[in-house]
Each structure stands twice: as structure tokens, then as C-alpha cells.
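The sequence shown begins at 356 in the numbering used here and counts up one residue at a time.
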Amino acid sequence: MADISTEIAEVKLETCVFNASGPKDETLEELEVIARSKSSAIMMKSCTLLPREGNPKPRYADLEFGSINSMGLPNLGYRAYVKFSKILDKKYSKPIIASICGMTVKDNVTMFKAFNDAPVDLIEFNPGSPNTIGQPIIGYDFREMNQLLKAVSKVAKKPFGVKLPPYFDFVHFEQMAKVIKKYPVKFVTCINSVGNGLAVDPITEKTLIKPKGGFGGIGGTYIKFTALANARKFYELFENKIQVIGVGGIFSGLDAFEFILAGASAIQLSTAFMQKGPAIFEIVQRELKEIMRKKGYEKLSDFRGKLKTLD
Ligand code: DHB
């Protein structure tokens, strides 16, 4: 049987497939569903200093090949996730990942410090949602990213990575990689939803979601090729010194295989988990193992990053 185990920042994961921050990971009940599923880690909802209600509903819609959302970071505040991590750690033996998405440098520093003393194994730093009204996508501001990473690096004791928005230009990949390499970042997660798409209902002639005039982050198959490109480019730029986690449009073992071939050390399910429920983790894992068996691969390192080009 193919071995699809992996390690992120030396934290062992039984398989390379787990949930992305965002869907159905806000409450303890939801996190326990993930804990009991085949997800190889328990990723928690991006948290802010104080609890947030999020944007007005409807704020999520399924699309034919994906999703649109403008959730606006509804979450119970970081103290709840510190508490949840203690409960989950006692009850389950899966790695726990906190996702931190503070509104200011100070908030992020406060939350990193709090998770230093919580039983989380990894931290995914998510510097800026595309949906927070009045806030730009921080990942596109290289100077701001530098300031944020400098500040959190000073206090972080847990291994941490950065969730990045999609980039579309080689210069931007290089600029962001240069910033990230200055700090003890262990992994990057590519990609966050593609910000500010617009979905319409031609019958009612209305937008599908309410916040921000209908604009929201796009997920699912629509973004797979952008996600793959981002995973690949950062894999090349980091030369195995910083790991890559792929997310964006992964619904099958074949999708997962392509991300690992591009260089990902693990993959996350977001829209797929939202639409298919917790059974999807096992499906993707089983399909990935089957593809590896057919190809004669025994472990992920047999093909990770080994994508061939046509030159
Ligand atoms: C939200 C969306 C994101 O893409 C993100 O990174 C964080 C939060 C949201 O709208 O809740």
C-alpha cells in the first residue's frame, strides 16, 4: 500500500490530506467532526483578537465548479481556539493547527504569544482575508508583509507558515519569496481564495452573495490552475528550504497528485470539504494511493516536485 504520510515542519502527519482553514471549522462541534474524520490534522478557523459575527448573509454560494464567499472572518476570537486546542489535544491524537488572522500587527503578536502556550503543533499565519470590509489583501503589500513577519517572528515559538493569496506575475512571486526567506517561516500555503470575483444569478439579475456588492473570494475548480502555478513557483523559489502546502480546487486524488508533483508536501481541502462533507478526506486519500500504486510510487518523495517541462 502506498505511503502518503508526510511531515510539515517536522510534525508528522499520517496522510498529506487535511482540511483548509475556512469551511466548517469555527465551532468546537465542527472541529470535532474534522477530528473524527480522516483529515490528517485539525485546522481551525482563522481567528481574530475579538469574536466577529462576519459579514451579512447570504455570504457563501456554491457555483457549478466551485464557490464564492465573503464570510468576513466570523470566528469566536482567539481565546476560544486556545481553549478548543486544549480540549481537542486531550481527546484526539491528531496534530492541531491554529490559523491567525489579526487586524493589526499588535493583534497578531498577541495571538502568536497566546498559542505559544497552547497545545497546537503548527500555526498558519493568514495575513489578511480578501473579504474584510475596509481592509486590503495584505499579501499584496510586500512592505506590510515584511513588517508583520518581522513582528511575529520575534515572538513565535511554534513552527509557523504563511497562507498566501494568489500571485499572477513572476516578479511578485520573487518579491514575496524574498520577504519570506528573511524570516523563520517553515511553510507557505498556496493559495487563499482568488479575491473579489463576482457571481450573478441571471434570472433574478442579482448578485449571489450580499456583502461588498456581491464581490467575494472564488474557490474550487475555477482556481486550481492558479493554485498549482503558485505552489510550483514557490517550490522552485524556496529550493526545499521552505515547504509548500497546496490548496485550491482539490476534489480528487488526481488533483492531489498534481499538486505533489508540482512540489507540495501536503494538500488542504476547502470547497471540496464544504460541498462533499468529511467523507471527502478518505476519498482523496484512497484515490491518491491508487494512482501511486498504478505508477509504482511507494511514497510521496518518489515524485514530489518532479514535474517535467517540455524543454
Ligand atoms: C475569510 C476569507 C479568507 O479567504 C481568509 O483568508 C480569511 C477569512 C473570511 O471571509 O472569513
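A virtual CB, placed ideally from N, CA and C, is assigned to each residue, including glycine. Computed from a predicted model, the values in this text were never measured in an experiment.
- In the structure shown, L405 adopts coil according to DSSP, grouped into three states.
- Note on D556: under 16 other CB atoms within 10 angstroms of its CB, so exposed under the neighbour-count rule.
- DSSP, reduced to helix, strand and coil, places V460 within a helical segment of the structure shown.
- In its chain, beyond the 5 residues on either side, V388, S392 have a beta carbon closer than 6 Å to the beta carbon of P633.
- I451 has its alpha-carbon roughly 11 Å from the corresponding atom of F470.
- Counting only residues of its own chain and dropping the five nearest sequence neighbours on each side, K518 has a CB closer than 6 Å to the CB of E479, N481, T544, N547.
- At a threshold of 6 Å, G632 does not count as near the ligand DHB, since its beta carbon sits no closer than that to any of the ligand's heavy atoms.
- In this structure, the ligand DHB has a non-hydrogen atom nearer than 6 Å to the beta-carbon of L428.
- Runs of the beta strand (DSSP E) spanning 3 or more residues and lying entirely within the segment 580 to 625 occur at 598 to 602, 621 to 624, in chain order.
- For the set N595, E594, E613, the Cα lying nearest the Cα of G603 is the one of E613.
- When rounded, the separation of the alpha-carbon atoms in E365 and L477 is 10 Å.
- Taking A611 as the centre and dropping the five residues before and after it, the same chain places the C-beta of I605, I622, V639, L643 closer than 6 Å to its C-beta, in chain order.
- Here the distance from the Cβ of S401 to the nearest heavy atom of the ligand DHB is below 6 Å.
- A straight line joining the alpha-carbon of G494 with that of D524 spans about 14 Å.
- The Cβ-Cβ distance between M399 and N374 does not fall below 7 Å.
- In the three-state reduction of the DSSP assignment, A396 falls in the coil class, being assigned neither a helical nor a strand state.
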